[in-house]
Amino acid sequence: MTLDVRSATILLECVRKGSLGRAATALNLTQPAVSRSLKILEEGFGVPLFERNTRGVALTPYGEALLPYAELVVSELASARDVIQQMRGASRGVVRVGGVASVVGGIVMAAICDMRQNHPDISFQVTEGLEDSVLEALKSGDLDIAVSSEPYVGDAISLAAPDILFDTVYVYAGAHHPLTQQRSVTIADIATRDWALPPIGSPVGKEWLKRFHNHALEPKMPLIVSRSVQVIKTAVQSADILCWLPLPTVQAEVRREEMVRIPVAELEWRRTFRVYRRRKGLLTPSAAALLHYIRSVGKRASKGT
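When you read off a place in the sequence shown, starting at 1, and then add 12, the result is the number in the working numbering.
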């Protein structure tokens, strides 16, 4: 059974609208045509994809399993159109790029600024998130390229370039935190302090916990858990709370002396990043150009220039 673009589009619209009738109206089709398309899909896969009731339709577990593939089919067609239009010069181009906050605020934004000098007609959709959510967005077709510190090997994603990018994560506190007045701070000192961190199950959270366990310490679990860097920084500046963030995400606060780095050698983490793309399909010319600029900025950073 082949999932074609028309069937995938109809399936997605039925999910969005929750009704065959409303989906038909949105797609400018008749309801019988939508019903026939879904029936052909269900017969082809040999399973029911939707539950029908008086209120509309809802995905079955089989439909839930098929949904990400339908999203990818539609997304890849949009990418293919974008490639053709850009090659013909009929489109100004949009690049969809994602990464963790430090990379987005540092390397990616520097690359975009460089690229804008030579490609002022290109626009950018930038997504900031933790590694797991960024890679999922790439797999689903919501991003063209993603920068992640999470090593990834899979059928859906491959390396977009061989380059390795870097940043370093440090412990930070608000300017009035008691530890800022302490001459020497050990990992045992900070194990009992309050923290604001990403979820413990995230790559950063796992690494944070591992570093304490490596020294036979059980740290106090985070007081505040958030995927938002801004929420974490606000918490640190508002109370006696520590955080563990990369320098690019807090440079402005450090310059304004609103946050202070707490030197703890055991919690200085130099991270490596790679740029990823979907294994299938082509990068648009605009996305390929941004990849070139990201690699250029990364090389300059590694040389300290």
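Where is the CB? At the ideal position from N, CA and C, for every residue including glycine. Computed from a prediction, not measured in an experiment: that's the story for all the values here.
Once the 5 residues before and after residue i are set aside, which same chain residues still bring their CB inside 6 Å of it?
i	result
CYS255	TYR184, ALA208, ILE244 and VAL248
SER214	LEU142
GLY319	Since the first residue of the chain shown is 13 and the last is 317, residue 319 is not available in this structure.
So, for residue i: in the same chain, excluding its five sequence neighbours on each side, which residues have a beta-carbon less than 8 Å away from its beta-carbon?
i	result
SER87	SER152, GLY153 and ASP154
GLY316	Bear in mind that the predicted position of GLY316 carries a pLDDT of just 49, short of 50, making it too unreliable to give a figure here.
ILE198	Reading off the sequence shown, one finds Thr at residue 198, where the question assumed Ile. The answer, listed in chain order, is VAL276.
ARG223	ILE199, GLU278, LEU279 and TRP281
HIS227	ILE199, ALA200 and GLU278
GLY101	The pLDDT assigned to GLY101 is 47, lower than 50, so where the model puts this residue is not dependable; a value taken from the coordinates is nonetheless given after this. Nothing listed; no residue qualifies.
ARG307	ALA173, ASP175 and VAL287
LEU221	ILE212 and PRO231
When DSSP labels each residue in this structure, what does residue i get in the three-state scheme?
i	result
VAL112	coil
GLU63	strand
MET239	The displayed chain sequence assigns Arg, not Met, to residue 239. In the structure shown, ARG239 sits in coil (DSSP, three-state: anything other than H, G, I, E or B).
SER196	coil
THR139	strand
VAL276	coil
GLY186	strand
LEU71	strand
PRO215	helix
MET233	coil
LEU363	No answer is possible for residue 363: the residues shown for the chain start at 13 and end at 317.
HIS131	coil
TRP220	helix
LEU15	coil
ALA264	helix
LEU294	coil
SER91	helix
Compare the beta carbon distance of residue i and residue j with 8 Å and say whether it is the shorter of the two.
i	j	result
LEU15	ALA92	no
MET127	LEU302	yes
ASP252	PRO211	no
ARG64	LEU171	no
GLY117	PRO260	yes
ARG108	ASP156	yes
VAL59	LEU32	no
VAL181	ARG283	yes
LEU79	LEU71	yes
ARG18	SER47	no
GLU140	ALA113	yes
ALA187	GLU270	yes
Which residues does DSSP pair with residue i in a beta bridge?
i	result
TRP207	LEU254
THR284	PHE178
SER170	ARG289
ILE157	VAL109 and ARG289
MET271	GLY186
Only counting the same chain, and skipping five residues up and downstream in sequence, which positions put a Cβ closer than 7 Å to that of residue i?
i	result
GLU219	TRP281
VAL309	ILE119, ALA122, ALA123 and ASP126
GLY217	LEU209, PRO210 and PRO211
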